[in-house]
Amino acid sequence: MSSVSLGDLSQAFMMQRRSVALRQDMTRLTDELSSGQVSDIKEVLAGNHNYLSGLERSLETLQGFSVANSEAKYFTDAMQSSLDRVQDFSGQLGLDLLLASGGPVGVIAGSPSENAKTQLQGILNSLNADIAGKSLFAGAATDRVPLENAETLLTELSIAIAGQTTPDDIMTAAENWFADPAGFDTLIYTGSGTALAPFSLSETERVSLDVRANDQALKDVLMNVAVAALTDDPALGLTVPQQAELFGTVGLGLKSNQDQLTDLRSRIGFTEARIEMIDARNQAEQTSTEVARNALLLADPFETATQLENVQFQLQALYSVTVRSSQLSLVNFL
Numbered sequence: 000m001s002s003v004s005l006g007d008l009s010q011a012f013m014m015q016r017r018s019v020a021l022r023q024d025m026t027r028l029t030d031e032l033s034s035g036q037v038s039d040i041k042e043v044l045a046g047n048h049n050y051l052s053g054l055e056r057s058l059e060t061l062q063g064f065s066v067a068n069s070e071a072k073y074f075t076d077a078m079q080s081s082l083d084r085v086q087d088f089s090g091q092l093g094l095d096l097l098l099a100s101g102g103p104v105g106v107i108a109g110s111p112s113e114n115a116k117t118q119l120q121g122i123l124n125s126l127n128a129d130i131a132g133k134s135l136f137a138g139a140a141t142d143r144v145p146l147e148n149a150e151t152l153l154t155e156l157s158i159a160i161a162g163q164t165t166p167d168d169i170m171t172a173a174e175n176w177f178a179d180p181a182g183f184d185t186l187i188y189t190g191s192g193t194a195l196a197p198f199s200l201s202e203t204e205r206v207s208l209d210v211r212a213n214d215q216a217l218k219d220v221l222m223n224v225a226v227a228a229l230t231d232d233p234a235l236g237l238t239v240p241q242q243a244e245l246f247g248t249v250g251l252g253l254k255s256n257q258d259q260l261t262d263l264r265s266r267i268g269f270t271e272a273r274i275e276m277i278d279a280r281n282q283a284e285q286t287s288t289e290v291a292r293n294a295l296l297l298a299d300p301f302e303t304a305t306q307l308e309n310v311q312f313q314l315q316a317l318y319s320v321t322v323r324s325s326q327l328s329l330v331n332f333l
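So for the sequence shown, numbering that gives the first Met the number 0 puts the first residue at 0; every next one is plus one.
Laid out in C-alpha cells, this is it:
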C-alpha cells in the first residue's frame, strides 16, 4: 500500500500555489497587453491618487459641457430653421402683394388677403415651434408657446384699426397697436419678458441667446402680414383702389423686413460660431486630458510582452516538473 509523506504533500501544495500565481500573472499581463493600461493602479501611482482624480474630474466636467454644447447647437439650429421659414413665407407674400397692387381688379379681389391669412398661420406656427418640449422664441418661458393663434391676432388688430378709412390711417393705427405695450405685447405675445438663461459651455464662458417672438423685426413682419390679411375685410370698407394701395404698402414693408430678418439671423449665426469655437476648444482640452490620463496608466507593450513570455515559460516548466514528479515511484527508482 502506497503512502504519502508530509513532505510530498507540502510540495504538492507549493506547486499548486505556484501554478495559481503564474496563471494569475498571465491573466493580468494578457489584459494589460490587450488594453494597453496597467491593472495595478496603486502600484503605478504609489498610493497618490490626487493627480489621477483631478484628471478624471476634468473629463467628467468636459463631458457635461459637451452635452450643453450639443443642446445649444440644436437650439440655435432650430431657431435658424424657423426663421428661415418665416423669411420664405413673408418674402414670397411680399412679392405677391406687390404684384396684386398693380394688377387688375379680378386679381386683387379676395385672393391676396386669403393668401396672407395662410402665410400668417405658417409664420405663427414657425415662431411657436419648440425643440424637445422647449419653446424657441418665448424667452425664459420655455414651457409655453410665445404667440396666440392667427384668429386672435386678426381679431385684436381689426379692433385696433376699426374706423380708419384710408390706407395710411390703417397702417398708422396698426403700427401704434404693435408698438403699444398694452397692445401686441400684452394681447398676443404670451412668452416671457426675460431672456432665455445663458448656456454654460465651459467653466469660464457662457453664451446668451435673446431672440424672442416680440422682437421688433418679427413684430414688423406680423404687422404687415396681418394688415394684408384684413385688407379685404368689409368692416374696413376700402375700395378696390384703396386695397391695391394698401397691398402695395405692406408688400414694400415685407420687402424691407427681409433685411431685418437677415440681421436677426446673423445674430444667431454669430452665437452659433461662438458655440462651435468653444466646443472645439473643449474637445481639444478633453483630448489632451485623456492623453495625460492614458500616459499615466500606460503599460509598456514590450515589457509586458516580455514578462508574459517569461510567465508562460515558467508555467510550462512547472507543468513539466509536475508531470515528472507524478511519475516517480520506488520501482522506477530501483
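We put the beta carbon where it would ideally sit given N, CA and C, even for glycine. These figures come from a predicted structure and were not determined experimentally.
Residue i vs residue j beta-carbon contact at 8 Å
i	j	result
LEU97	GLY247	yes
ARG84	PRO145	no
LEU263	ASP214	yes
ASN68	ASP278	yes
ALA71	LEU200	yes
THR193	ALA128	no
LEU92	VAL290	no
LEU260	LEU82	yes
Residues of its chain near residue i, where Cβ-Cβ distance is below 7 Å and the 5 sequence neighbours each way are ignored
i	result
ALA228	SER112, ALA115, LYS116, LEU119, LEU153
LYS218	PHE177, PHE183
GLN79	ARG264, ILE267
SER110	none
GLN86	GLN257, LEU260
THR284	The sequence shown places Glu at residue 284, not Thr. Contacts found: LEU61.
Proximity winner among the options, relative to residue i (alpha-carbon distances)
i	options	result
THR141	GLN311, SER199, VAL290, GLY190	GLY190
GLU155	ASP179, THR165, ALA291, PRO166	ASP179
LEU123	TYR73, GLU202, THR203, ALA137	ALA137
GLY250	THR286, PHE88, LEU237	PHE88
ALA161	SER52, VAL226, LEU94	VAL226
GLN257	GLN62, SER207, ALA216	ALA216
ALA131	TYR73, SER65, GLN282	TYR73
THR286	SER57, ASN49, SER52	SER57
ILE274	THR288, LEU126, PHE64, THR60	PHE64
LEU52	ARG292, THR305, GLN282	Just to set this straight, residue 52 is Ser in the shown sequence, not Leu. Closest option to SER52, Cα to Cα, is ARG292.
GLY121	ASN148, ASP95, THR165	ASN148
PRO166	THR185, THR60, THR238, SER110	THR238
PRO240	PHE269, THR164, GLU284	THR164
ASP168	LEU245, ALA234, ALA283, THR305	LEU245
Local Cβ density within 10 Å of residue i, reported as buried at 16 or more and exposed below that
i	result
GLU271	buried
GLU202	exposed
ARG16	exposed
GLN62	exposed
LEU329	Confidence at LEU329 is low in this model, with a pLDDT of 49, below 50, so its placement is unreliable and the value that follows should be read with caution. It is exposed - the Cβ of LEU329 has fewer than 16 other Cβ atoms within 10 Å.
SER100	buried
MET170	buried
VAL206	buried
THR75	buried
VAL104	Annotation note: pLDDT 39 at VAL104 (below 50); position unreliable, coordinate value reported separately. The residue in question, VAL104, is exposed, as its Cβ has fewer than 16 Cβ neighbours within 10 Å.
LEU94	exposed
PHE198	buried
Chain-order list of residues whose beta-carbon lies under 8 Å from that of residue i (same chain, five-residue window excluded)
i	result
ASP232	SER112, SER157
ALA159	ALA172, ALA173, ASN175, TRP176, GLY182
ARG143	SER134, ALA137, THR189, GLY190
ASN281	LEU61, PHE64, SER65, ASN68, LEU200, SER201
LEU5	Because the pLDDT of LEU5 is 45, which lies under 50, any placement of that residue in the model is unreliable, and the question is left without a value.
6 Å CB neighbourhood of residue i in its chain, flanking five on each side removed
i	result
LYS133	THR141
ALA108	Its pLDDT being 44, under 50, ALA108 is placed unreliably by the model, and the measurement read from it follows with that caveat. Same-chain partners within the cutoff: there are none.
GLY236	none
GLY90	GLN257
LYS254	GLY93
GLU204	ILE277
C-beta neighbour in chain C for residue i, strict 8 Å
i	result
GLU202	Among the chains of the structure shown, chain C does not appear; only one protein chain is present.
Rounded distance between the beta-carbons of residue j and residue i, thought under 8 Å
i	j	result
ILE187	THR151	7 Å
LEU126	THR288	Actually they do not touch by this definition, with Cβ atoms about 41 Å apart.
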